[in-house]
Amino acid sequence: MAKQNKAYKFRLYPTAEQAHLIRKTFGCIRFVYNKMLAERKELYL
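With our numbering, you'll find the sequence shown wraps up at 582, consecutive numbering, no jumps.
See below:
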């Protein structure tokens, strides 16, 4: 039996306040990701 994948497409229309919080959240995520990546690279070398 073949495996079938499903996908849903959706679009968000955030308010100005929600858009601000989304940008802020992703900024924090990017900072933490880059910090951990730098740490891993440092430990690897």
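Note that beta-carbon positions come from the ideal geometry of N, C-alpha and C, so glycine has one too.
All figures in this text were calculated on a predicted structure; none of them were measured in a lab.
CA-CA distance, residue i and residue j?
i      : j      : result
Phe547 : Arg560 : 19 Å
Thr562 : Glu576 : 21 Å
Ile566 : Ala556 : 15 Å
Glu554 : Phe568 : 21 Å
Leu580 : Met538 : 45 Å
What first and last residue would you give for the alpha helix (DSSP H) that runs through residue i?
i      : result
Gln555 : 553–581
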